[in-house]
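Student:
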Amino acid sequence: MKLSRLFCSLAILAILLLTSGCVEVGDLQTESRSVDLGDADSVDVELDMSSGEMNIAGGADELLNADFRYNVAAWKPEIKYNVRGGQGKLIVRQPGVRDGIIGGNVRNEWDLRLTDDVAMT
6 MKLSRLFCSL AILAILLLTS GCVEVGDLQT ESRSVDLGDA DSVDVELDMS
56 SGEMNIAGGA DELLNADFRY NVAAWKPEIK YNVRGGQGKL IVRQPGVRDG
106 IIGGNVRNEW DLRLTDDVAM T
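With my numbering applied, the sequence shown corresponds to residues 6 to 126, in that order.
This is the structure in structure tokens:
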């Protein structure tokens, strides 16, 4: 009897631990975003995605033309851009859940197009 209770308790604990870090999948969200170059002569670009598929290409009309598709609300991409003294700083990052169990139906896809008209690092 004690062994049975111990086994049940361990099984419940294991289930709680496994589900506590799970990523909550919702409806697929699609959004397009653009960032104007402004008066930058060069731009530092930081791309931070911890899970998903990122495609990067040139040929954008603006500094950045981006299409995002994701179905974890906490992963809605954040874009920050500023220019100081002719130097631009562009940050595109995936916020939210960094750890946890990721199921097979999670989608996080970024299609990023950057301009060819300015030097970038």
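We put the CB at the ideal spot given by N, CA and C, even for glycine.
Owing to the predicted nature of the structure, the values given are computational and were not obtained by experimental measurement.
Given a cut-off of 7 Å, decide if Met-125 and Val-40 are closer than it, judged by their beta-carbon atoms.
Tutor: It is not a contact, given that the beta carbons lie outside the stated cut-off.
Student: Look at Val-111 and Val-30 and say whether their C-beta atoms are less than 7 Å apart.
Tutor: Taking 7 Å as the Cβ cut-off, Val-111 and Val-30 qualify as a contacting pair.
Student: What did DSSP end up calling Ala-65 once you bin it into helix, strand or coil?
Tutor: If DSSP states are grouped into helix, strand and coil, Ala-65 belongs with coil.
Student: Please name the residue in Gly-91, Leu-119, Arg-98 whose C-alpha comes closest to that of Ser-55.
Tutor: Ranking the options by Cα distance to Ser-55, first place goes to Arg-98.
Student: Report all residues from its chain with a CB closer than 6 Å to the CB of Asp-46; omit the five preceding and five following residues, and keep chain order.
Tutor: Excluding positions up to five away in sequence, the list reads Gly-91.
Student: Ala-45 by DSSP, collapsed to three states: which one?
Tutor: Three-state DSSP puts Ala-45 in coil, outside helix and strand.
Student: Determine whether the beta carbon atoms of Ala-65 and Leu-119 lie at a separation below 7 Å.
Tutor: Their beta carbons are under 7 Å apart, which means Ala-65 touches Leu-119 by this criterion.
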